[in-house]
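Protein chains in written order, with this note's numbering: chain A, 63 to 486; chain B, 63 to 486. Note that beta-carbon positions come from the ideal geometry of N, C-alpha and C, so glycine has one too. Note that the structure is predicted; figures quoted are calculated from it, not measured.
There are 2 protein chains.
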Amino acid sequence: MSELVGNMLVAQSGGPTAVINASVAGVIQEAGKHPEVIEEIYGGLNGILGILNEELIDLNDEKSRAIEGLKHTPAAALGTCRYKIDFKKKPNQAAKDMDRLFDVFMGHNIRYFFYAGGNDSQDTANKIHDEALKRKFEMRVIGVPKTIDNDLPHTDHCPGFGSVIKYNAATVMEVAADVSSMATDDGACCIVEVMGRGAGWIAAGTVLAKRSPNDAPHIILLPEIPFDEAAFLAKVKMVVDELKYCIVVVGEGLKDASGKEFAADTTKLDSFGHPVLSGAAERLAEIVSAKLGTKTRTIKLGYAQRAAAHFASETDVEEATACGSAAVRAALDGKSGFMVKLVRLSSNPYRWTTDLEDLNHIANVEHLIPRDWISADGFLPNEKFVEYAQPLIEGELHLPTERGLPKFVTLEKNRVEKKLPSRS
Amino acid sequence: MSELVGNMLVAQSGGPTAVINASVAGVIQEAGKHPEVIEEIYGGLNGILGILNEELIDLNDEKSRAIEGLKHTPAAALGTCRYKIDFKKKPNQAAKDMDRLFDVFMGHNIRYFFYAGGNDSQDTANKIHDEALKRKFEMRVIGVPKTIDNDLPHTDHCPGFGSVIKYNAATVMEVAADVSSMATDDGACCIVEVMGRGAGWIAAGTVLAKRSPNDAPHIILLPEIPFDEAAFLAKVKMVVDELKYCIVVVGEGLKDASGKEFAADTTKLDSFGHPVLSGAAERLAEIVSAKLGTKTRTIKLGYAQRAAAHFASETDVEEATACGSAAVRAALDGKSGFMVKLVRLSSNPYRWTTDLEDLNHIANVEHLIPRDWISADGFLPNEKFVEYAQPLIEGELHLPTERGLPKFVTLEKNRVEKKLPSRS
Chain A
63 MSELVGNMLV
73 AQSGGPTAVI
83 NASVAGVIQE
93 AGKHPEVIEE
103 IYGGLNGILG
113 ILNEELIDLN
123 DEKSRAIEGL
133 KHTPAAALGT
143 CRYKIDFKKK
153 PNQAAKDMDR
163 LFDVFMGHNI
173 RYFFYAGGND
183 SQDTANKIHD
193 EALKRKFEMR
203 VIGVPKTIDN
213 DLPHTDHCPG
223 FGSVIKYNAA
233 TVMEVAADVS
243 SMATDDGACC
253 IVEVMGRGAG
263 WIAAGTVLAK
273 RSPNDAPHII
283 LLPEIPFDEA
293 AFLAKVKMVV
303 DELKYCIVVV
313 GEGLKDASGK
323 EFAADTTKLD
333 SFGHPVLSGA
343 AERLAEIVSA
353 KLGTKTRTIK
363 LGYAQRAAAH
373 FASETDVEEA
383 TACGSAAVRA
393 ALDGKSGFMV
403 KLVRLSSNPY
413 RWTTDLEDLN
423 HIANVEHLIP
433 RDWISADGFL
443 PNEKFVEYAQ
453 PLIEGELHLP
463 TERGLPKFVT
473 LEKNRVEKKL
483 PSRS
Chain B
63 MSELVGNMLV
73 AQSGGPTAVI
83 NASVAGVIQE
93 AGKHPEVIEE
103 IYGGLNGILG
113 ILNEELIDLN
123 DEKSRAIEGL
133 KHTPAAALGT
143 CRYKIDFKKK
153 PNQAAKDMDR
163 LFDVFMGHNI
173 RYFFYAGGND
183 SQDTANKIHD
193 EALKRKFEMR
203 VIGVPKTIDN
213 DLPHTDHCPG
223 FGSVIKYNAA
233 TVMEVAADVS
243 SMATDDGACC
253 IVEVMGRGAG
263 WIAAGTVLAK
273 RSPNDAPHII
283 LLPEIPFDEA
293 AFLAKVKMVV
303 DELKYCIVVV
313 GEGLKDASGK
323 EFAADTTKLD
333 SFGHPVLSGA
343 AERLAEIVSA
353 KLGTKTRTIK
363 LGYAQRAAAH
373 FASETDVEEA
383 TACGSAAVRA
393 ALDGKSGFMV
403 KLVRLSSNPY
413 RWTTDLEDLN
423 HIANVEHLIP
433 RDWISADGFL
443 PNEKFVEYAQ
453 PLIEGELHLP
463 TERGLPKFVT
473 LEKNRVEKKL
483 PSRS
């Protein structure tokens, strides 16, 4: 293998997580060990969007302490975007964008490009890899997996997922203590709405709070299982009759039998054209109140769940960091057009490693919960899911605090001098 | 002072908090030191409601480890209720209830009664104290303050408040990191709805996340300040124009200029006749989206905020425990008809002690944020509030965990044998 000497660029894309910065830290720390090959370590601000604007920062200028601190700092320290290079819908803009990207890559001699993100971001990484081949520009492109939704295929799970379900499960445990302690004869129901879009992984993960049969959550409504109002109400009634209270967790992307999203507001689309989801818990609460007369409250954790570094999973942080390092090692090994994936060696004791998957196998495939990981009645994931998910929440970070609140790092973000004319 | 020898009863009432169990632990641990006076240590299940049903448990039967563990266990370990003895609206039921309560007190020789709760619960404690005098039943009744809302008068602050604002401020800090890292030119707004009913203390507490001028929260809508839509929208626009994102915190009890609750659903009342509040964030999000065209998301922390023991304030836990012990010491000292209050000796360094306040001065008085603790434009609490609130969030608990989640205690709840006929 001939050594490819040049500069490196890392960027983040899509919705942030509690540990996507740990992946960036893994990339930077690993890259820093190879100065004879990787000469400069740059970060692209706001993903592809910032790279198009030639907004690069010099990550070798950051304090080592700050890079290490990224491992407990939530959100995207480099900034992120949801910008898509869409050859199908906007072929002219996409071609123009691709030209500009390669102007930036060539202008700054970027030979190593690491992109941390979910499905759409891996698709972008794949397109860049293809273009580099087409343009005969020698470059190594490796995707780093990231998504709380855990819906990337081929990887055992996604960095970000363990932390979101750890926080959500702790929240369900705490809320259940609260609601059950207030539950007198009238009964009480609390509905917790969680993220995950069309995949139920995040909702399912709250089952880890259930440590004995009567523990919450009592019902988990997964997007994988069509919502059946009558069966749901019967189950809520049964639980309230028995325990005086019922904790329901609902995935935001819950669908009815026709496949229509239960709470989709189709008048709002995000920039990838996906409908904006909101309000599943509120809609369910209206149904429970009206049909059962049970006092019902809602919780919508929203972005709080994916940013909750204060209760992140240590396992998740380690894996996220390892995915970043593995990406750099793969690139140095001559690989391009791959995504790092997590491979489980055993669940108990939990052992894992990283490997690579062809980006062509990743992009735009949505990985859902297998039906046989869900109870027959569809209201709870079963022991197969628990075996899978339990190791991912183990371990607590020792988060530094300052005056009672988490102490997160912010980067200096010293800009790399621009070499190109402004983007037209 | 002649010693009053007899049994003790402690109960919890109203909405739970992360630290109300710490107060109960304080009561139990202090009472346990005086077996020559306090012979049995009983807990009443579900507040007054359980006591009416003679549902008492023997707290001396619980493991010491479990009592200590109450200090990091959220919600009401003894159960709680919102039952009110209402001589005004239901005089016959109230008279009957009071007779029954004293049947239970006399039947079990309850000479010490400690009731942990907020305004309504202190009112109940006061009525029991008055009745004991009227009935010439020698008994010592002390209220233990508890409310996340921080709206009790005379006490510097309420146990439960420090923990809720610590968790909420950390959440705002994390959500701000998330939203700002996604904020590209279009701008983004996130609205976080917090509890507190008519008082803005909880909403105001999130200002502690603001450690430099551009930090979130950027706008806090307090129930103390009438909502002015035009001024609010202008402020959101200004912040988004400058920073590309804006984090808004709204207290659930926000009111308009006419005093009408912004998001009150007057069709639903709780058992004290207060309207059920919900949806302030959703309503604001609709306004921001429609009028400014800014992408807006909402978070409704709901019960999660008051149950969040996993990020409770160590200061709060210490104070809650101390209020419990102080209640017992006051009663042993012959006092009755008082609530324990927290007295601040200095803010920096933070020093405090406990004292007593006549229950007649407490019940049904709502303590709001002074106007001169709020900025001139009404959108943020000022440095006076920060000086007040900062010490209350200091210190982190060392929460035990088990398989990645908090390990909370549950009590054995061995029942005290009933001596009375069932409640008619």
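**OP:** State yes or no: is the beta carbon of Y307(B) nearer than 8 Å to at least one beta carbon in chain A?
**Re:** Here the question's residue 307(B) lines up with position 245 in the second sequence. It does not; no Cβ of chain A falls within 8 Å.
**OP:** Please classify Y145(A): does DSSP put it in a helix, a strand, or coil?
**Re:** Here the question's residue 145(A) lines up with position 83 in the first sequence. Y145(A) falls in the coil class under three-state DSSP.
Subject >> Whole-angstrom distance between E445(B) and A371(B), CA atom to CA atom >> reply: As a working mapping, residue 371(B) is identified with position 309 in the second sequence. As a working mapping, residue 445(B) is identified with position 383 in the second sequence. Rounded to whole angstroms, A371(B) to E445(B) spans 27 Å at the Cα level.
Original post:
With burial defined as no fewer than 16 other Cβ atoms inside 10 Å of the residue's Cβ, what is the status of Q155(A): buried or exposed?
Top reply: Along the first sequence, one-based indexing puts residue 155(A) at 93. Label assigned to Q155(A): exposed.
Subject >> Start-to-end residues for the alpha helix (DSSP H) that takes in Q452(A) >> reply: For the purposes of this step, residue 452(A) is identified with residue 390 of the first sequence, where counting begins at 1. No alpha helix (DSSP H) contains Q452(A), which DSSP labels as neither H nor E.
Subject >> Own chain residues within Cβ distance below 6 Å of I281(A), not counting five before or after >> reply: On the first sequence, position 219 is the one that residue 281(A) refers to. Only K297, V310 and F441 meet the Cβ criterion.
Original post:
Closest Cβ-Cβ distance between H372(B) and chain A: below 8 Å?
Top reply: Residue mapping note: residue 372(B) aligns to position 310 of the second sequence, counting from 1. Judged by the 8 Å Cβ criterion, H372(B) is in contact with chain A.
**OP:** Just the chain B side, please: which residues come within less than 9 Å of F470(A) by C-beta, in chain order?
**Re:** Position 408 of the first sequence, counting from 1, holds the residue named residue 470(A). Chain B residues near F470(A): M235, E236 and A239.
Original post:
With distances taken from CA atoms, which of K357(B), A343(B) and S320(B) is nearest V302(B)?
Top reply: As a working note, residue 302(B) is residue 240 in the second sequence. Taking only the C-alpha atoms, the option nearest V302(B) is K357(B).
Subject >> G277(B) to K469(B) span [Cα, whole Å] >> reply: Working through the second sequence from its first residue, we reach residue 277(B) at position 215. Working through the second sequence from its first residue, we reach residue 469(B) at position 407. The sequence given here places Asp at residue 277(B); Gly does not occur at that position. If you take the alpha carbons of D277(B) and K469(B), they lie about 34 Å apart.
Original post:
So, G364(B) versus I361(A), is the Cβ gap smaller than 8 Å?
Top reply: Within the second sequence, the letter at position 302 stands for residue 364(B). Within the first sequence, the letter at position 299 stands for residue 361(A). Yes.
**OP:** Hey, could you find the ends of the alpha helix (DSSP H) L140(B) is sitting in?
**Re:** On the second sequence, position 78 is the one that residue 140(B) refers to. Run containing L140(B): none; DSSP gives neither H nor E here.
Original post:
When DSSP labels each residue in this structure, what does V237(B) get in the three-state scheme?
Top reply: Numbered from 1 along the second sequence, position 175 holds the residue referred to as residue 237(B). Note: V237(B) maps to helix in three-state DSSP.
Subject >> Member of T142(A), L71(A), V99(A) and K208(A) whose CA lies at the smallest distance from the CA of C385(A) >> reply: Numbered from 1 along the first sequence, position 323 holds the residue referred to as residue 385(A). Ranking T142(A), L71(A), V99(A) and K208(A) by Cα distance to C385(A) puts K208(A) first.
Original post:
Helix, strand or coil: which one does DSSP assign to F441(A)?
Top reply: Residue mapping note: residue 441(A) aligns to position 379 of the first sequence, counting from 1. Correct three-state label for F441(A): coil.
Subject >> Beta carbon proximity, L270(B) to chain A, threshold 8 Å >> reply: As a working mapping, residue 270(B) is identified with position 208 in the second sequence. Yes, L270(B) counts as interfacial toward chain A.
Original post:
In chain order, which beta strand (DSSP E) runs of at least 3 residues are fully inside the region 381 to 416 of chain B?
Top reply: 400 to 409
**OP:** Establish whether the CB of Q155(A) and some CB of chain B are separated by less than 8 Å.
**Re:** Locating residue 155(A) in the first sequence gives position 93, where the first residue counts as 1. False, the Cβ-Cβ gap to chain B never drops below 8 Å.
Subject >> Same chain only: Cβ atoms within 6 Å of D434(A), ignoring 5 sequence neighbours per side >> reply: Taking the first residue of the first sequence as 1, we reach residue 434(A) at position 372. Hits under 6 Å: none found.
**OP:** From the DSSP output, read off the bridge partner residues of R359(B).
**Re:** Translated into positions along the second sequence, residue 359(B) becomes position 297. The partner list for R359(B) (beta bridge, DSSP) reads C252(B).
Original post:
At a CB-CB cut-off below 7 Å, which residues of chain A make contact with R127(B)?
Top reply: Translated into positions along the second sequence, residue 127(B) becomes position 65. Chain A residues near R127(B): none, gap ~18 Å exceeds 7 Å.
Subject >> Among S183(B), V99(B) and Y104(B), the one whose alpha carbon lies nearest that of E479(B) >> reply: Position 417 of the second sequence, counting from 1, holds the residue named residue 479(B). Out of S183(B), V99(B) and Y104(B), Y104(B) has the C-alpha closest to the C-alpha of E479(B).
Original post:
So what's M201(A) in DSSP terms, helix, strand or just coil?
Top reply: As a first step, residue 201(A) must be located in the first sequence, where it is residue number 139. Of the three classes helix, strand and coil, the one that applies to M201(A) here is coil, per DSSP.
Original post:
Is I82(B) closer than 8 Å to A138(B) when the C-beta atoms are compared?
Top reply: Within the second sequence, residue 138(B) is the residue found at index 76, counting from 1. Within the second sequence, residue 82(B) is the residue found at index 20, counting from 1. Yes.
Original post:
Going by alpha carbons, who is nearest to K317(B) out of G109(B), D290(B) and M300(B)?
Top reply: Within the second sequence, the letter at position 255 stands for residue 317(B). With distances taken between Cα atoms, K317(B) lies closest to D290(B).
Subject >> Cutoff 8 Å; reference H96(A); Cβ partners in own chain excluding five residues on either side >> reply: Position 34 of the first sequence, counting from 1, holds the residue named residue 96(A). Counting only Cβ-Cβ distances below 8 Å, and skipping sequence neighbours, we find V390 and L394.
Subject >> Reduced DSSP secondary structure (H/G/I, E/B, other) of T209(A) >> reply: Position 147 of the first sequence, counted from the first residue, corresponds to residue 209(A). Residue state, collapsed to three classes: coil.
**OP:** Name, going along the chain, the residues of the region 454 to 466 of chain A whose beta-carbon falls closer than 9 Å to a beta-carbon of chain B.
**Re:** L454, I455, E456, G457, E458, L461, T463, E464, R465 and G466
Subject >> 8 Å Cβ shell around A265(B) - same chain, five flanking residues per side excluded >> reply: Counted from its first residue, the second sequence places residue 265(B) at position 203. Excluding residues within five positions, the ones whose Cβ falls inside 8 Å are V256, G258, I282, L283, L284, P285, V311, V312 and G313.
Subject >> Distance cut-off 7 Å: W435(A) Cβ against heavy atoms of the ligand GTP >> reply: Ligands displayed in this structure: none; no statement on the ligand GTP is therefore possible.
Original post:
For D378(A) versus G224(A), is the C-beta spacing smaller than 8 Å?
Top reply: What you label residue 378(A) is simply residue 316 of the first sequence in a count that begins at 1. What you label residue 224(A) is simply residue 162 of the first sequence in a count that begins at 1. A contact, by the Cβ cut-off of 8 Å.
Subject >> Residue interval of the alpha helix (DSSP H) (run including V99(A)) >> reply: In the first sequence, the residue the question calls residue 99(A) occupies position 37. From DSSP, V99(A) is part of no alpha helix (DSSP H); its letter is neither H nor E.
Original post:
Which partner residues of D120(B) appear in the DSSP bridge assignment?
Top reply: The count along the second sequence starts at 1 and reaches residue 120(B) at position 58. DSSP output for D120(B) lists Y104(B) as bridge partner(s).
Subject >> Of the listed residues K146(A), E101(A), R127(A) and F176(A), nearest to G399(A) (C-alpha basis) >> reply: Numbered from 1 along the first sequence, position 337 holds the residue referred to as residue 399(A). Looking at the Cα atoms, F176(A) is the closest of the given residues.
Original post:
If I424(B) and P215(B) are in contact, beta carbons under 8 Å, what's the gap, nearest whole angstrom?
Top reply: On the second sequence, residue 424(B) is found 362 positions in, with the first residue counted as 1. On the second sequence, residue 215(B) is found 153 positions in, with the first residue counted as 1. Confirmed, about 6 Å.
Original post:
Under 8 Å between C-beta atoms, does M244(B) make it to chain A?
Top reply: Position 182 of the second sequence, counted from the first residue, corresponds to residue 244(B). Closer than 8 Å to some Cβ of chain A, the Cβ of M244(B) qualifies, so yes.
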